[in-house]
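Q:
Numbering (the working numbering), first residue to last: 48 to 295.
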């Protein structure tokens, strides 16, 4: 359509891996852990995603050294690994912050203030989406649907949910993280760091999977109402078999 153009929410920083930055924290232990991840799969190339998460847990991003190491371990080309790393938004082309903040701005969250939250976070942190603060403390991302619409608007810190957010609550959350105080997700674990969360995603549990409630009020409301009303699921043995016509 004349006079209109597609608006993308992906920043220029996400356009590709930064091959100019060859720094890395990958050690022999990291390589052994990458081998251990690959060994979990009947076809080793299936291990690319968790291996990339492990690289991020040590380098804070998808580093050229990480791509090269994974390619060598799996017998693939660096182009193949780079293609995967640049396809998924969870893999960062530039160093993420100690705490990675994501703000959902998809339909329900947007209607309830997601865009306002994102704007507030940009002003609070002095960065725009896709950037990391100069001190390396925070990075910021616009997230597509977090599948938590019943808690909208939703933010995430290191992939942990923070529900029913307001500008004031978001401001207080950042202050608490900056001060180093203990911060816990209302439906998840105590916040550690983005790198530590990436290690968990790589398949190395930190023992905190059962921290926090398993579900919030919005998720459990149907169960609560059923209990109050004495509703139960029908007994399978009492359900009549379908007629021949119904079976067709």
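Glycine is no exception: its CB is placed at the ideal position from the N, C-alpha and C atoms. Given the structure is predicted, the values throughout are model-derived calculations rather than measurements.
Where residue 157 and residue 137 are concerned, what is the direct C-alpha to C-alpha distance, given to the nearest angstrom?
A: Taking the first residue of the chain shown as position 1, residue 157 is located at position 110. Taking the first residue of the chain shown as position 1, residue 137 is located at position 90. Taking the straight line joining both Cα atoms gives about 21 Å.
Q: Does the structure place the stretch 157 to 171 close enough to the stretch 227 to 237 that three or more beta carbon pairs sit under 8 Å?
A: no
Q: What residue range does the beta strand (DSSP E) around residue 189 cover?
A: Taking the chain shown and counting its residues from 1, one reaches residue 189 at position 142. Residues 185 to 190.
Q: State buried or exposed for residue 149, treating a residue as buried only when at least 16 other CB atoms are found within 10 Å of its CB.
A: Here residue 149 corresponds to residue number 102 of the chain shown, with the count starting at 1. Flag for residue 149 reads buried.
Q: Checking 8 Å against the spacing of the C-beta atoms, do residue 101 and residue 249 come in under that value?
A: Against the chain shown, residue 101 aligns to sequence position 54. Against the chain shown, residue 249 aligns to sequence position 202. Taking C-beta atoms as the reference points, residue 101 and residue 249 count as a pair closer than 8 Å.
Q: Residues in the same chain with beta-carbon distance under 7 Å from residue 207, minus the five sequence neighbours each way, listed in chain order, please.
A: For this step, residue 207 is matched to residue 160 along the chain shown. 232, 235, 236 and 238, listed in sequence order.
Q: Could you tell me which residues DSSP pairs with residue 137 in its beta bridges?
A: Within the chain shown, residue 137 is the residue found at index 90, counting from 1. Paired residues: none, contrary to the question.
Q: Are the CB atoms of residue 191 and residue 153 within a distance shorter than 8 Å?
A: Position 106 of the chain shown, counted from the start, is the residue given in the question as residue 153. Position 144 of the chain shown, counted from the start, is the residue given in the question as residue 191. Going by C-beta atoms, residue 153 is nearer than 8 Å to residue 191.
Q: Pick from 106, 261, 127 and 293: whose alpha carbon is nearest that of residue 94?
A: Locating residue 94 in the chain shown gives position 47, counting from the first residue. Of the listed residues, the one whose Cα sits closest to residue 94 is 127.
Q: From residue 70 to residue 110, what distance separates their C-alpha atoms?
A: One-based indexing of the chain shown puts residue 70 at position 23. One-based indexing of the chain shown puts residue 110 at position 63. Straight across, the Cα-Cα distance linking residue 70 with residue 110 is about 8 Å.
Q: In the DSSP assignment, find the unbroken beta strand (DSSP E) run with residue 149 in it and report its ends.
A: In the chain shown, counting from the first residue as 1, residue 149 sits at position 102. From DSSP, the beta strand (DSSP E) with residue 149 extends over 146 to 151.
Q: Closest to residue 155 by C-alpha separation, out of 196, 64 and 210, would be which residue?
A: Position 108 of the chain shown, counted from the first residue, corresponds to residue 155. Closest option to residue 155, Cα to Cα, is 196.
Q: Could you check the C-alpha separation between residue 163 and residue 215 for me, to the nearest Å?
A: As a first step, residue 163 is located in the chain shown; it is residue number 116 there, counting from the start. As a first step, residue 215 is located in the chain shown; it is residue number 168 there, counting from the start. Those two C-alpha atoms are separated by around 11 Å.
Q: Do residue 221 and residue 139 come within 8 Å of each other at the CB atom, strictly closer than that value?
A: Within the chain shown, the letter at position 92 stands for residue 139. Within the chain shown, the letter at position 174 stands for residue 221. No, the pair does not count as a contact, with Cβ atoms beyond the cut-off.
Q: Might you give, ordered along the chain, the residues of its own chain that have their beta carbon closer than 7 Å to the beta carbon of residue 266, omitting 5 neighbours on each side?
A: In the chain shown, residue 266 corresponds to position 219, counting from 1. The answer, listed in chain order, is 197.
Q: Out of 256, 271 and 129, which has the shortest C-alpha to C-alpha gap to residue 66?
A: On the chain shown, position 19 is the one that residue 66 refers to. Nearest of 256, 271 and 129 to residue 66, Cα basis: 129.
Q: Quick check: what's the CA-CA separation for residue 50 versus residue 174?
A: Stepping through the chain shown from its first residue, residue 50 is reached at position 3. Stepping through the chain shown from its first residue, residue 174 is reached at position 127. Low confidence applies to residue 50: its pLDDT is 48, below 50, so where it sits in the model is not reliable, and the reading given next is rough at best. Each residue's Cα considered, the two are about 30 Å apart.
Q: Go ahead and pull the three-state DSSP assignment for residue 203.
A: Along the chain shown, one-based indexing puts residue 203 at 156. Of the three classes helix, strand and coil, the one that applies to residue 203 here is strand, per DSSP.
Q: Among the candidates 179, 145 and 72, whose CA atom is the shortest distance from the CA of residue 226?
A: Working through the chain shown from its first residue, we reach residue 226 at position 179. Nearest C-alpha to residue 226: 145.
Q: Would you kindly report the start and end of the unbroken alpha helix (DSSP H) that includes residue 212?
A: Position 165 of the chain shown, counting from 1, holds the residue named residue 212. From DSSP, residue 212 is part of no alpha helix (DSSP H); its letter is neither H nor E.
Q: Am I right that residue 160 and residue 97 are in contact with their C-beta atoms under 8 Å? What's the rounded C-beta distance?
A: Along the chain shown, one-based indexing puts residue 160 at 113. Along the chain shown, one-based indexing puts residue 97 at 50. Approximately 34 Å separates the beta-carbon atoms of residue 160 and residue 97; this is outside 8 Å, ruling out the contact.
Q: Count the other CB atoms within 10 Å of the CB of residue 278; is the residue buried (16 or more) or exposed (fewer)?
A: Residue mapping note: residue 278 aligns to position 231 of the chain shown, counting from 1. It counts as exposed.
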